[in-house]
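A.B. asks: Attaching a single structure in structure tokens format; questions to follow.
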Amino acid sequence: MQRLLLIGVGLTGRPYVAAARRLGVRLHVVETEANAAALADLVDEITVCRGMSDEAWYEAASDAARTARPDGVVAFSEPHVLAAALVADELGLPGPSLKSAVLSRNKALQRARFAAAGIGQPEFLVAERLADARDWAAERMPVVVKPLSSAGSAGVELVADPAAYDEAVERRGGEGKLLVERAVTGPEYSWEALVREGKVWCANLTAKETTGPPYFVETAHRTVAEVDGEARDRVAELGAAVLDAMGMDTGIVHLEFRLTPGGPAVMEVAVRTPGDRLMDLLGMAYGIDWYETVIRMALGRELPPPPTALCRTASYLPSAHPGTVAEVQGLAEVLAHPAVVEAEVNVAPGDAVAPLRSSAGRVGQVLLKASDAKTLEAALDEVRGTLRVTTR
Ligand SMILES: Nc1ncnc2c1ncn2[C@@H]1O[C@H](COP(=O)(O)OP(=O)(O)OP(=O)(O)O)[C@@H](O)[C@H]1O
Ligand SMILES: [Mg+2]
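Okay, structure coming up:
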């Protein structure tokens with residue numbers, strides 16, 4: 137029986153557990169104490185992690201690897217990437233490569249690597265303190281300010297002019313190192329690729345919708361996205377160049393970029409499970425389980441022939457005005473819609489809704505599936521019009 141070490145599970149990583157069960161592997165997971173209890177009956181062994189830092193995950197993963205002697209290791213989310221890559225490297229197991237993992241964890245390192253590789257991206261400056269980049273930013277307004285290692289758009293903001301920059305310095309001066317970038321424009325996409333020994337086995341393009349400036353919180357994803365032939369070629373070239381620049385070996389890659397008038401500009405890249413239920417959207421669209429495929433690759437198992445898209449899927453991530461929730465309307469109607477696969481609202485009357493500043497502030501999720509892009513778009517419109525969370 138093969139043995140899999142899964143680092144991190146949380147809630148949204150549960151499909152990895154189900155896939156491991158289906159594949160008949162012995163499953164050892166690393167989780168925090170808070171999450172471990174709920175996994176007790178689902179996995180063979182748990183090593184408890186003492187914190188949430190890269191260091192804590194690696195400490196626990198190393199300990200687990202010693203006893204589990206795994207045949208494969210999978211990182212669930214961003215904080216688990218480095219620990220998994222280190223373990224894979226130590227044991228000679230398939231993995232993204234140490235270089236890919238280090239770059240995945242740090243957007244400023246990505247920028248430096250991609251600049252050297254000639255890959256399209258916004259002009260950038262790493263500021264030890266936000267105030268240090270004031271003059272640089274003043275010549276390039278608007279700019280985007282962001283942490284080096286975060287996710288869910290937390291701490292990402294557009295700064296439109298020098299006065300706003302001074303205000304941001306006032307507010308965020310104590311945050312330490314930040315990345316300041318020229319704000320580029322153009323529709324945004326993500327590229328999800330399953331990669332084995334540096335070669336793309338299956339890649340997909342997803343159209344990303346956000347709230348836009350200043351906080352760019354993701355509100356919808358549509359996959360399989362269509363772009364014209366010219367753009368399709370640019371995307372394929374970009375994907376190949378990014379994999380090469382990262383020294384990507386084996387695993388899943390989630391690349392985000394904008395198609396600017398001057399060509400694709402990378403927003404960021406990560407070698408871990410994409411969020412916002414994208415894995416489920418991809419599973420429905422391609423008729424293969426992407427979690428299971430990630431595990432198969434980690435264990436060095438054979439893969440079926442690469443799939444082609446069967447249908448279109450989307451996720452809609454509703455938000456609400458800040459205030460106290462008065463009413464949730466339309467959920468039953470949305471659930472009854474033929475294109476809706478799943479819908480949930482995670483606030484109830486009386487709950488407080490804070491201003492939308494990151495992914496964590498959204499109030500639910502709806503997954504949709506349709507035979508073609510037009511039907512999917514109509515369904516998305518209906519869902520948006522029907523599902524309402526009103527606040528006072
Ligand atoms: N230089 C830029 N120009 C224009 N838009 C940008 C720029 N940098 C970031 N953004 C916008 O902000 C969003 C979040 O930025 P980024 O992906 O770097 O942060 P994140 O916290 O990792 O986000 P997430 O985890 O939600 O993908 C991007 O998806 C994009 O819409
Ligand atoms: Mg991002």
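To get my numbering, take the position in the sequence shown, counting from 1, and add 136. For every residue, glycine included, the Cβ atom is placed at its ideal position computed from N, Cα and C. These numbers were taken from a predicted model, which means no experiment stands behind them.
Helix or strand or just coil, what does DSSP make of Tyr325?
C.D. replies: As a position in the sequence shown, residue 325 is number 189, starting the count at 1. The answer is strand: DSSP assigns Tyr325 an E or B state.
A.B. asks: Taking only heavy atoms of ligand 2 into account, decide whether any of them is closer than 7 Å to the Cβ of Glu93.
C.D. replies: The chain is shown only over 137 to 528; residue 93 falls outside these bounds and no answer can be derived.
A.B. asks: Thinking Pro397 and Arg318 are a contact (beta carbons under 8 Å), I'd like their distance in whole angstroms, please.
C.D. replies: By one-based count along the sequence shown, residue 397 stands at place 261. By one-based count along the sequence shown, residue 318 stands at place 182. So it is not a contact: roughly 14 Å between Cβ atoms.
A.B. asks: Give the C-beta separation of Gly500 and Val353 to the nearest angstrom, bearing in mind that I take them to be a contact with Cβ-Cβ under 8 Å.
C.D. replies: Indexing the sequence shown from 1 puts residue 500 at position 364. Indexing the sequence shown from 1 puts residue 353 at position 217. No, Gly500 and Val353 are not in contact; Cβ-Cβ is about 14 Å, not under 8 Å.
A.B. asks: Am I right that Thr460 and Ala484 are in contact with their C-beta atoms under 8 Å? What's the rounded C-beta distance?
C.D. replies: Here the question's residue 460 lines up with position 324 in the sequence shown. Here the question's residue 484 lines up with position 348 in the sequence shown. 11 Å between Cβ atoms; not a contact.
A.B. asks: What do you get for Glu438, buried or exposed, if any count of 16 or more other CB atoms within 10 angstroms of its CB means buried?
C.D. replies: Residue 438 sits at position 302 when you count from the first residue of the sequence shown. Answer is exposed; the Cβ neighbour count stays below 16.
A.B. asks: Using only the alpha-carbon positions, how far apart do Gly288 and Ser495 sit?
C.D. replies: Within the sequence shown, numbered from 1, the residue matching residue 288 stands at position 152. Within the sequence shown, numbered from 1, the residue matching residue 495 stands at position 359. Approximately 5 Å between the Cα atoms of the pair.
A.B. asks: For Val502, write down the residues that DSSP places opposite it in a beta bridge.
C.D. replies: Your numbering for residue 502 matches position 366 in the sequence shown. DSSP lists Tyr452, Ala479 as partners of Val502.
A.B. asks: Is the stretch 360–370 touching the stretch 424–437, taking contact as three or more C-beta pairs under 8 Å?
C.D. replies: Verdict: no, contact absent.
A.B. asks: Compute the minimum distance between the beta carbon of Met382 and the heavy atoms of ligand 2, and state whether it is under 7 Å.
C.D. replies: Within the sequence shown, numbered from 1, the residue matching residue 382 stands at position 246. No, the Cβ of Met382 stays beyond 7 Å of every heavy atom of ligand 2.
A.B. asks: From Thr342 to Ile431, what distance separates their C-alpha atoms?
C.D. replies: Within the sequence shown, numbered from 1, the residue matching residue 342 stands at position 206. Within the sequence shown, numbered from 1, the residue matching residue 431 stands at position 295. The alpha-carbon atoms of Thr342 and Ile431 are separated by roughly 22 Å.
A.B. asks: For Arg318, verify whether its CB is less than 7 Å away from any heavy atom of ligand 1.
C.D. replies: For the purposes of this step, residue 318 is taken as residue 182 along the sequence shown, with counting starting at 1. At least one heavy atom of ligand 1 is nearer than 7 Å to the Cβ of Arg318, so yes.
A.B. asks: Just list the residues that DSSP pairs His473 with in beta bridges.
C.D. replies: Within the sequence shown, residue 473 is the residue found at index 337, counting from 1. BP columns for His473 are empty, so no partner.
A.B. asks: Thinking C-alpha only, which one of Glu518, Glu324, Leu435, Ser240 is nearest Ala472?
C.D. replies: One-based indexing of the sequence shown puts residue 472 at position 336. With distances taken between Cα atoms, Ala472 lies closest to Glu518.
A.B. asks: Taking the alpha-carbon positions, what's the Ala204 to Ala156 distance?
C.D. replies: For the purposes of this step, residue 204 is taken as residue 68 along the sequence shown, with counting starting at 1. For the purposes of this step, residue 156 is taken as residue 20 along the sequence shown, with counting starting at 1. Their Cα atoms are separated by approximately 15 Å.
A.B. asks: For Val464, which option in Arg524, Pro442, Trp272 has the closest C-alpha, if you only look at C-alpha atoms?
C.D. replies: Numbered from its first residue, the sequence shown carries residue 464 at position 328. With distances taken between Cα atoms, Val464 lies closest to Arg524.
A.B. asks: Is Leu512 helix, strand or coil by DSSP?
C.D. replies: Start at 1 with the first residue of the sequence shown, and residue 512 comes out as number 376. Leu512 falls in the helix class under three-state DSSP.
A.B. asks: If we count the other Cβ atoms within 10 Å of its Cβ and call it buried at 16 or more, is Asn482 buried or exposed?
C.D. replies: One-based indexing of the sequence shown puts residue 482 at position 346. Exposed: under 16 other Cβ atoms inside 10 Å.
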